[in-house]
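Quick notes on the structure that follows.
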Amino acid sequence: MPAAHRGDIKIVDVLVLHEEFEENGLSKPLDTYLNETLCMADACGQTEVASVLLDYGADKDAQAENALTPLVWEAYIDARTNKRATALHYAARNGRFQVARLLFDSGADVDALGDKLNTLLMEAVPEEHLKVGDLLQSSGARIYMPDKHERTALHLAVEREELAVLKLLLDSGDDVWVYTADNQGFTPLMTAAWWGNDSFRMVLFKRGYRVDATAKDGSTALHLAAYNGHIDACRVLIGGGADVNSVDNAGLTGLRKAVQMKHIDVTNLRLQFGANARTTTSSKTLLHITVENGAKDVLDLLLDHIKCIDAVDDKGFTPIMVASRNGKDAAIDQLLATVLHLALREEKLKTCRRILLQWGVQINAADDDGVALLIDAVKGKFMDIIDLLHTENVDVSSADKEGKAAPHVAVTSGAARIVKQLSDTSADIDAADRCGWTPLAIAAECGLHDIALILLQKKADANVKSANGNTALRCAAGSGCAWTCLFLLMYGAAIDPKNCYGATSLLMAVTHRSADEFKLLVDEGANVDTNDHGKRASLHLTIKNRANDIVEMLLDHGAYLRLKDKRGFTPLMVAAQAENIPAISCY
């Protein structure tokens, strides 16, 4: 056999002339030695040696019995037993194309089972052996012939991620064979879903694959992908029409399996596509399972879809009881906060008070949208709950995802009494949301002069700028609220600061044709000739907007008539362009 390994034909010729051979002290007849040497030649790709051995009478379909030494076997063959492998198996397993073709031409059995009860086509699955696989297929090999586990070559191609081989097999066989299941009931698509091989699913879908086929335990491909956390696999299967609420033989959904394995992304995806979060198994809800697992992020996600937390399991335990029994304090707070927010929004004030007093839930806990309990109470204008939260030293500055705290919400709701109460305890009355708006700026924008006065009396800063450079006075001038402008000026608001567009409070007043606010600002010393980034002064904007009563006031206050904007237009030219005859007559 070493001669066959090296491809030394002359030595093979000499040795074959003997009728018996000795190896490792054991005597072997010629036919046995020929057959085993043929296997070695095939495994090593020695085509010429294999041809000579066949000419000497070697059996092309012989199955060797413990012929190769362990050293030779490990060096050239990818398995540790060779009891049933034929020469053609060795050629296919090692990608020996020329040897395989020689054996085919000699009439070798293309469907013989090998040492692992694998077919020849299964041995040729690795992509680098694609030529051998193509040769097997063209030689009439039954491509859907299963191994001892009922797996076909298609299962192995999917499992080993051999895309080129997979396409070859799909193009060579009938469509029906893609539905062939192994001894667990796994189809090739289920195998792909289990391993998360995305490319193979795409190929299988193009063949019109059945996405909801079930294994022996009732699992679908979507169940398997969810269990292993393959988010892309789940996305493709759902897009292909897989049922997100299908159950296996144990009554388990894919969502239940994703929750059990703490796969937050898969859980979120399935919920987005309509998976039922309220399903139960053995009297356990998904909340029970999540609490037991201690998966905080999954619990947060589920609580956004499940508001009933008092369901009991088969032992009569609610999720809160399960959390208490297992010392899951964080889960207890999450569950109670959800109930508290829900009760508050449904105006179940007695329930809220009882939860707060009896359970001692964290009063600053936010819901899944980042909304604190105090913000919900302010939205509903529930004064008794607000009072109770204040006695527990609630954090007034706790903000939602937009950066709005309870004072922002109270101002927007026009709740002057709540604003006063919150401003008494707020550590930072000038806190801004993500857009840079303070409670005072919101009050000014909405024309809520009474609330603006409350905030100013509580030392709110009248000169804080928003993200685009607007002050509360500019907002008040734009909203047409003279009282708010007056209060702001009384508490030190600067008159002429510009926003990021170069607009002052006076320019905003004339733009909105607010004569009262204009007069107030001018009387307080606003510059009538200041201009924006377009070099437009108050007179340009007033004439354009046909606020001719303000035009007269500007002229009375000595507005400069020859000031040019960025286009080179004077106010008179703007009047002519706008055909504003009354404004022209004022000159």
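Quick note on UniProt numbering: the sequence shown kicks off at 1 and runs consecutively. For every residue, glycine included, the Cβ atom is placed at its ideal position computed from N, Cα and C.
How is residue i classed by DSSP in three states: helix, strand or coil?
i: Val411; result: helix
i: Asn531; result: strand
i: Val247; result: strand
i: Ala476; result: helix
i: Lys465; result: coil
i: Ala377; result: helix
i: Ile584; result: helix
i: Ala226; result: helix
i: Thr290; result: helix
i: Lys315; result: coil
i: Thr338; result: helix
i: Ala399; result: strand
i: Thr253; result: strand
i: Ala405; result: strand
i: Ala578; result: coil
i: Leu103; result: Because Leu103 carries a pLDDT of 46, less than 50, the predicted location of this residue cannot be relied on, and no value is offered for it.
i: Pro571; result: helix
Report buried or exposed for residue i, applying the criterion of at least 16 other Cβ atoms within 10 angstroms of its Cβ.
i: Met490; result: exposed
i: Glu517; result: buried
i: Tyr227; result: buried
i: Asn245; result: exposed
i: Leu103; result: Legend: pLDDT at Leu103 = 46, less than 50; position of this residue unreliable, no value from coordinates given.
i: Asn531; result: buried
i: Gly140; result: Residue placement at Gly140 is flagged as unreliable, the pLDDT there being 49, under the threshold of 50; the coordinate-derived value follows with that caveat. Its Cβ having fewer than 16 others within 10 Å, Gly140 is exposed.
i: His230; result: buried
i: Pro571; result: buried
i: Gln334; result: buried
i: Ala493; result: buried
i: Asn326; result: exposed
i: Asp433; result: buried
i: Thr391; result: exposed
i: Asp297; result: exposed
i: Asp313; result: buried
Out of the options, point me to the one whose CA is closest to residue i's CA.
i: Thr220; options: Asp198, Asp243, Gly239 and Val236; result: Asp243
i: Ala250; options: Leu507, Thr214 and Ala275; result: Thr214
i: Ala441; options: Ala476, Asn468 and Ala258; result: Ala476
i: Lys328; options: His288, Asp304, Leu303 and Leu301; result: His288
i: Met553; options: Met573, Arg513 and Asp565; result: Arg513
i: Arg278; options: Ala311, Gly241, Asp529 and Thr542; result: Ala311
i: Asp400; options: Ile386, Ile385 and Cys435; result: Cys435
i: Lys535; options: Glu524, Ala509 and Arg567; result: Arg567
i: Gly403; options: Asn393, Val371, Thr425 and Leu271; result: Val371
i: Asp304; options: Ser324, Asn276, Asp314 and Lys315; result: Asn276
i: Asp248; options: Tyr209, Ile238, Leu222 and Leu473; result: Leu222
i: Gly239; options: Leu555, Phe205, Ala258 and Cys586; result: Phe205
i: Ser479; options: Ser505, Gly274, Asn468 and Lys458; result: Ser505
i: Asn393; options: Phe273, Asp430, Lys167 and Thr425; result: Thr425
i: Lys458; options: Val464, Ala509, Thr484 and Ile429; result: Ile429
Among the residues of its own chain, which have a CB less than 6 Å from the CB of residue i, if the five just before and after it don't count?
i: Trp437; result: Ser466
i: Asn470; result: Asn499
i: Ile451; result: Val411, Ala416, Val419 and Ala443
i: Leu154; result: Leu169 and Pro188
i: Gly582; result: This sequence places Pro at residue 582; Gly is not what is there. Once the five neighbours on either side are set aside, the close Cβ partners of Pro582 are Asn548.
i: Ala181; result: Thr187
i: Thr511; result: Leu541
i: Arg270; result: Val244 and Leu255
Can you round the beta-carbon distance between residue i and residue j to whole angstroms, since I take them to be within the 8 Å contact cut?
i: Lys216; j: Gln260; result: That belief does not hold up - the Cβ atoms of Lys216 and Gln260 are roughly 20 Å apart, past 8 Å.
i: Glu292; j: Val322; result: 6 Å
i: Leu563; j: Ala537; result: 5 Å
i: Arg201; j: Ala233; result: 7 Å
i: Leu520; j: Ala482; result: 6 Å
i: Asp496; j: Ala526; result: 6 Å
i: Ala462; j: Leu473; result: 7 Å
i: Leu286; j: Leu302; result: 6 Å
i: Phe487; j: Leu507; result: Wrong, their Cβ atoms sit about 21 Å apart, outside the cutoff.
If you drop the 5 nearest sequence neighbours on each side, which residues of the same chain put their C-beta closer than 7 Å to that of residue i?
i: Ala295; result: Lys262
i: Leu422; result: Val396, Ala406, Pro407 and Ala410
i: Tyr501; result: Asp532 and His533
i: His557; result: Val522 and Val528
i: Ala377; result: Leu344, Ile385, Ile386 and Leu389
i: residue 593; result: This structure cannot settle anything about residue 593, because the visible part of the chain is limited to 1 through 587.
i: Ile454; result: Ala416, Val419, Lys420 and Ser423
Does chain D have any CB closer than 8 Å to the CB of residue i?
i: Cys435; result: Given the protein chain composition of this structure (a single chain), no chain D is represented.
Once you ignore the five residues that flank residue i on each side, which residues in its own chain have a CB closer than 8 Å to its CB?
i: Gly414; result: Cys446, Leu448 and Ile451
i: Ile584; result: Leu572, Ala575 and Ala576
i: residue 597; result: Any property of residue 597 remains undetermined from this structure, which presents the chain solely from 1 to 587.
i: Ile543; result: Val551, Pro571, Val574, Ala575, Ala578, Asn580 and Ala583
i: Val178; result: Leu154, Leu170, Thr187, Pro188, Leu189, Leu204, Arg207 and Tyr209
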